[in-house]
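Structure first, commentary second.
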Amino acid sequence: MKARPFKDAKIGRALTIALLLALTAGNVAAQSPTELPAKDLSTIDLSKSEGAKYFLIVKAYADYMITHGRDRYGKEHSPLFATTLNRETGNVYRENPPDAPKGIRNGDRTWRGSNTSKDNGLYSILYHLTEITGDDKYAREADKAIKWFFANCQSPETGFMAWGEHIGWDFFTEAPIKMGTRSLIHEYKIFNYWDKVWEFNPEAAEKFALGLWEHQIYAHEGPEAGEFSRHASYDTHSPGKGRAFPAHGGNYIYVWTKAYRETGKEVFLTAIETVLNYYERNTTDKGAILYASDFPEQYSLKQSMNLASNLYRAKDFMPADLANRMKKLSEGTDSLYLSFDHDPSKGGKGFLESANLMTLVPGNFRRSSTGTDAWTEMWSAGYGVGSGSTGQANKCYARYKLTGIEGYSILFMKSVNAYYKEDPPPSAVLYPSNYSSIFNMMMSAYELTGEERFLSKAKTYMDLSVETFLSDQSPLPKASNQSEHYEAITGGPELMENVLRLWMVMNPQDRAGE
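For the sequence shown, position 21 (counting from the first letter as 1) is numbered 155 according to the working numbering, and the numbering increases by one without interruption.
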């Protein structure tokens with residue numbers, strides 16, 4: 135079902151809120167195998183809570199996932215959360231899933247089970263609900279899932295986990311899942327709860343960090359030292375090369391930094407320095423970092439920014455010489471990024487995403503479509519395009535907060551002003567992540583300027599999100615504005631996390647015991 139025009143959102147929002155309030159109170163039966171349990175919210179006086187509807191919407195989602203969105207299939211049940219669900223029945227799809235949202239590749243889906251790398255937003259909700267309500271059930275359920283995953287879903291051969299862009303955990307076979315014709319490809323995606331893993335299962339955490347070094351990095355020494363591919367085999371030693379994308383290298387450095395801090399082992403410093411040296415060798419005099427040796431003409435601005443941010447965060451935990459090298463590479467990325475003719479204003483060409491490595495001429499030099507698709511669009515969704523200009527604007531703001539460089543805040547506010555009077559086009563295929571991205575933008579603008587109009591705009595976009603993705607009695611957000619099922623790959627958990635974030639900003643005093 136397509137999203138309604140923005141001006142018609144009020145009626146749908148009212149219906150959604152009424153249904154979800156009733157659902158949370160136990161007065162409306164969920165369309166699922168059993169009813170949602172009622173929950174005593176005696177620790178919070180919702181009559182005094184501004185925007186109580188936001189809290190209740192998120193709580194309904196969390197309670198539903200705990201009760202119905204778990205692995206209750208096959209011979210062995212587990213506390214893992216399903217990545218894809220039928221919003222009417224609360225069941226996963228053993229076969230014949232609905233069509234993927236436009237822009238999502240079938241080989242990246244996990245409709246038979248769980249992909250823990252897609253659970254960051256859900257875990258955040260559960261931990262915050264315990265903080266808010268004083269009910270440790272929510273944090274306990276998140277803990278169970280993380281503990282079980284790292285105890286049962288790690289390859290003994292490589293230390294890799296059954297997660298990422300291409301694999302997950304199959305609820306029916308109790309084994310790693312691969313979709314389509316792909317083999318068991320391990321591609322690490324961001325995971326926000328390494329502190330928990332190191333607390334619960336330090337052996338598994340260290341084994342994974344070692345696995346990234348021993349089985350993901352193609353060469354440890356010699357002229358190709360630090361070379362790798364973002365793809366490696368989950369269960370065999372088979373590192374590749376040619377696709378050492380900077381963002382992925384930055385993610386590895388983050389994992390190794392945490393491992394070094396926890397263990398003090400030199401092997402993790404060696405891993406960090408080897409990959410850092412690879413990028414140093416492959417950085418031009420102007421500061422452009424090679425995207426990948428398979429694409430020797432490509433410079434990716436957003437990939438390099440991701441690497442720079444991870445280096446900047448890691449440097450404070452490194453020996454002085456290594457820290458200085460990290461700082462130098464990171465700062466070189468900043469000056470080059472800001473030298474380009476970005477124009478995220480309304481009607482502008484957007485943020486530049488890629489250019490020629492040597493000439494710095496804007497263009498896409500990775501595919502056969504050389505010279506095209508180098509700029510972000512205001513509204514886009516799908517593989518490789520993220521959330522369009524909002525995503526890059528939010529990265530600029532994050533970079534500004536890390537470095538204090540004013541050029542990033544100027545670019546960010548140009549983008550904010552472009553979106554301030556814009557409504558999502560109802561004909562476009564949009565994901566929950568699109569709405570999360572623009573909500574985050576307005577919240578950050580409020581944080582930066584203190585202007586209430588940005589908080590008001592964030593509320594407006596959040597209400598539109600509720601209308602678009604929760605416009606019936608299911609507490610699960612739709613996979614897209616043109617889908618009817620739930621699929622975390624498009625950012626549903628993060629959208630719900632932002633619903634809770636809005637309520638928390640509106641009610642900073644509402645915590646258990648306060």
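Just so you know, even glycine gets a beta-carbon here, dropped at the ideal spot from N, CA and C.
Looking only at F402, K392, A442 and Y413, the smallest Cα-Cα distance to P357 is reached by Y413. Our two residues, N528 and H354, have alpha carbons roughly 35 angstroms apart in a direct line.
Considering only L456, A454, V639 and N615, the residue with the shortest C-alpha distance to G237 is N615. Non-local beta-carbon contacts of D253 in its own chain, meaning distances under 6 angstroms to residues more than five positions away in sequence, involve F215 in chain order. For P558, the number of other beta carbons within 10 angstroms of its own is at least 16, and it is reported as buried. Distance check between L582 and each of D475, S617, Y531 and E465 places Y531 closest, using alpha-carbon atoms only.
In this chain, the beta strand (DSSP E) harbouring F215 covers S212 to F215.
In the three-state scheme derived from DSSP, where H, G and I count as helix and E and B as strand, D450 is classed as helix. If you compare the alpha carbons of L491, D507, L470 and M492 with that of K483, the shortest gap goes to D507.
Counting C-beta pairs closer than 8 angstroms gives three or more between the stretch 280 to 297 and the stretch 320 to 334, which meets the contact rule.
The beta-carbon distance between N411 and G360, rounded to whole angstroms, is 6 angstroms. This is short enough to meet the 8 angstroms contact definition.
Counting other Cβ atoms within 10 Å of its Cβ, D428 stays below 16 and is therefore classed as exposed. Considered as a whole, the stretch 308 to 395 harbours 309 to 312 as its complete beta strand (DSSP E) runs of no fewer than 3 residues, in chain order. Taking a C-beta distance under 8 angstroms as the contact criterion, R533 and S438 do not qualify as a contact pair. Bridge pairing for Q288: M295 [DSSP].
The residues T510, E511, M512, W513 and S514, in chain order, have a CB closer than 7 angstroms to that of G522 in the same chain once the five nearest residues on each side in sequence are set aside. E618 has its alpha-carbon roughly 16 angstroms from the corresponding atom of A562.
If you ignore the 5 residues before and after S578, its C-beta comes within less than 6 angstroms of the C-beta of Y531, all in its own chain and listed in chain order. Counting only residues of its own chain and dropping the five nearest sequence neighbours on each side, L589 has a CB closer than 8 angstroms to the CB of M576, M577, Y580 and V639. For N574, the secondary structure class from DSSP, reduced to helix, strand or coil, is helix. The continuous beta strand (DSSP E) containing G302 extends over residues I301 to D304.
Under DSSP, F429 forms a beta bridge with A426. Around F603, the same chain offers P566, Y569, P611, K612, N615, G626 and L629 as residues with beta carbons nearer than 8 angstroms, after the five sequence neighbours per side are excluded.
According to the DSSP assignment, N551 belongs to the alpha helix (DSSP H) that extends over E540 to Y554.
E631 and I259 do touch by the CB rule: their CB atoms are close to 5 angstroms apart, below 8 angstroms. Put simply, the stretch 239 to 250 does not touch the stretch 259 to 273. Fewer than three CB pairs are less than 8 angstroms apart.
DSSP lists F215 as the beta-bridge partner residues of R204.
When C-beta atoms of the stretch 382 to 398 are compared with those of the stretch 340 to 353, three or more pairs fall below 8 angstroms, so the two segments count as touching.
Exposed is the label assigned to V495, since fewer than 16 other Cβ atoms lie within 10 Å of its Cβ. Assigned with DSSP and collapsed to three states, L486 falls in strand. If you draw a straight line from the Cα of K593 to the Cα of G398, it comes to about 45 angstroms.
Considering only L403, T217, A405 and E431, the residue with the shortest C-alpha distance to R377 is E431. Taking the Cβ atoms as the reference, F284 lies roughly 6 angstroms from V331, within the contact range of under 8 angstroms. E184 sits in coil when the DSSP states are folded into three classes, being neither helix nor strand. Judged by DSSP secondary structure, E407 falls within the alpha helix (DSSP H) whose first and last residues are E400 to R415.
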